[in-house]
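Worksheet for the structure shown next.
Here is the structure:
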């Protein structure tokens, strides 16, 4: 979406000790396919704190109903994760001289994460414009183009822009490169493809 | 200062590939001497971006005059550094159930860093109270008790509270455990001890 708006994409992936480390591989595949200007993978250690099913020895919930998924903050919430991610993005933007920062957070289909809401993005933009040396010379804009879109709309939009979803990854608890098909992320992704009427290229673990 | 106000101190040190990595050793010494509740050292990689004399192959400025030091943002500024640090502190606070976050930033003697100003701390506090699951249950307060104090006042306050300054480290460009005596940080520290009338226990590199 950033490229379609004419931006050169300097991409940042954060490897934070997540159970689904395979997503950094997917990010590399996508960055390569899109011929981005630059792609950095930063290694950080969120396991030092723990407190999340994504970084700790807490089981990833499976086969939850829509009602269960709508209830409060899930155990897959990683404390302050998006705040940390955007802080890195801000530092990276400052070093490359960028003032537009894009993030793919989404608040609609899954509103349990506090750091995926428009208020969070607005508060971070306010912070960015005070926190940096660069903010004395220009104004940072935080873009969250997916934030209010339903998953089906996101998928249709990606198809329109030529995204190859076979390169992408969503599962929280994959086995090798294969999606589990049962975590919240898998279920929401699959429902999105179904609602969009787009064939789902995701490769799932074979179960009996 | 947090302990003197009755807080249990859960301490966080960030090793970010800084030239003066010895400061993490100093942090361990201080944490041990103060018998803090907990001390974590998180390793992060800010060298992936570079852009600072503290993390990159850029020379640390030496023997600058007060006028030179007062001019703009120095090359020792690390893009978005304190934003990243406080984001980690926020995640750590959320995991241990704390709502009071202390940081030692100081805006007076050295005002060149945008992320050492009261406006920055206020903007981060606003963000913290939107960004986290914990903010639905309580209110985060950012404390920056040193922010408006002159270095001499800080030193006097530390002496009053029983701080052993021989355990501490400020130099940006140390040789082993010894301070260079010529970087901005050394000069400001030395001037602070002199102004406070407190003997300076800092061990400097011997020069001819």
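Chains as they are written, first to last, in this note's numbering: chain A, 43 to 250; chain B, 43 to 250.
Each residue gets a CB set at the ideal place from its N, CA and C atoms; glycine is no exception.
Residue i in three-state terms, based on DSSP
i, result
"residue 198 of chain A", "helix"
"residue 244 of chain B", "coil"
"residue 134 of chain B", "helix"
"residue 213 of chain A", "coil"
"residue 250 of chain B", "Residue confidence is low: residue 250 of chain B scores 48 on pLDDT, short of 50, so the model does not pin down where it sits. Its coordinate-derived value is still stated next. Coil."
"residue 176 of chain A", "helix"
"residue 188 of chain A", "coil"
"residue 150 of chain A", "coil"
"residue 220 of chain A", "strand"
"residue 128 of chain A", "helix"
"residue 89 of chain A", "coil"
"residue 121 of chain B", "coil"
"residue 60 of chain B", "coil"
"residue 207 of chain A", "helix"
Cutoff 7 angstroms; reference residue i; Cβ partners in own chain excluding five residues on either side
i, result
"residue 49 of chain A", "142"
Proximity to residue i [Cα-Cα], best of the options
i, options, result
"residue 232 of chain B", "B/219, B/217, B/207", "B/207"
"residue 51 of chain B", "B/68, B/73, B/58", "B/73"
"residue 173 of chain B", "A/126, A/235, A/225", "A/126"
"residue 194 of chain A", "A/219, A/242, A/180, A/160", "A/242"
"residue 227 of chain A", "A/104, A/171, A/240", "A/104"
"residue 159 of chain B", "A/229, A/175, A/66, A/67", "A/175"
"residue 213 of chain A", "A/106, A/246, A/156", "A/246"
"residue 197 of chain B", "B/235, B/224, B/222, B/169", "B/235"
"residue 106 of chain B", "B/168, B/244, B/237, B/230", "B/230"
"residue 215 of chain A", "A/120, A/203, A/101, A/68", "A/101"
Where the beta strand (DSSP E) through residue i begins and ends
i, result
"residue 85 of chain A", "80 to 85"
"residue 182 of chain A", "Counting along the chain, residue 182 of chain A falls outside any beta strand (DSSP E), and DSSP gives it neither H nor E."
"residue 53 of chain B", "52 to 57"
"residue 105 of chain B", "Segment: none, residue 105 of chain B is in no beta strand (DSSP E) and carries neither H nor E."
"residue 143 of chain A", "142 to 144"
Span of the alpha helix (DSSP H) around residue i
i, result
"residue 169 of chain B", "160 to 173"
"residue 235 of chain A", "226 to 238"
"residue 70 of chain A", "64 to 75"
Close-in-space but distant-in-sequence residues of the same chain around residue i (CB under 6 angstroms, 5 per side omitted)
i, result
"residue 128 of chain A", "166"
"residue 163 of chain B", "184, 186"
"residue 221 of chain A", "213, 228, 244, 246"
"residue 224 of chain B", "104, 105"
Same chain, Cβ closer than 8 angstroms to residue i, five either side skipped, listed in chain order
i, result
"residue 75 of chain A", "206, 209"
"residue 70 of chain A", "55, 81, 83"
"residue 250 of chain A", "Because residue 250 of chain A sits at a pLDDT of 48, beneath the cut-off of 50, its placement in the model cannot be relied upon, and the following sentence gives the value as read from the coordinates. Closer than 8 angstroms at the Cβ level, and outside the excluded window around residue 250 of chain A, lies no residue."
"residue 130 of chain B", "54, 56, 84, 86"
"residue 138 of chain B", "52, 80"
"residue 66 of chain A", "55, 57, 83"
Quiz prompt | Contact list for the region 124 to 148 of chain A against chain B, Cβ threshold 9 angstroms | solution = 124, 125, 126, 127, 128, 129, 130, 131, 132, 133, 134, 135, 136, 137, 138
Quiz item: What residues in the region 67 to 87 of chain B bring their beta carbon closer than 7 angstroms to a beta carbon of chain A?
Solution: Cβ contacts with chain A come from 82, 84, 85, 86, 87.
Quiz item: Taking Cβ-Cβ distances below 7 angstroms as the criterion, which residues of the region 180 to 214 of chain A are in contact with chain B?
Solution: none
Self-check item: Proximal residues, the region 157 to 179 of chain B versus chain A, C-beta separation under 9 angstroms
Solution: Within the region 157 to 179 of chain B, the residues whose Cβ lies closer than 9 angstroms to some Cβ of chain A are 157, 159, 161, 162, 164, 165, 166, 168, 169, 170, 171, 172, 173, 174, 175, 176, 177, 178, listed in chain order.
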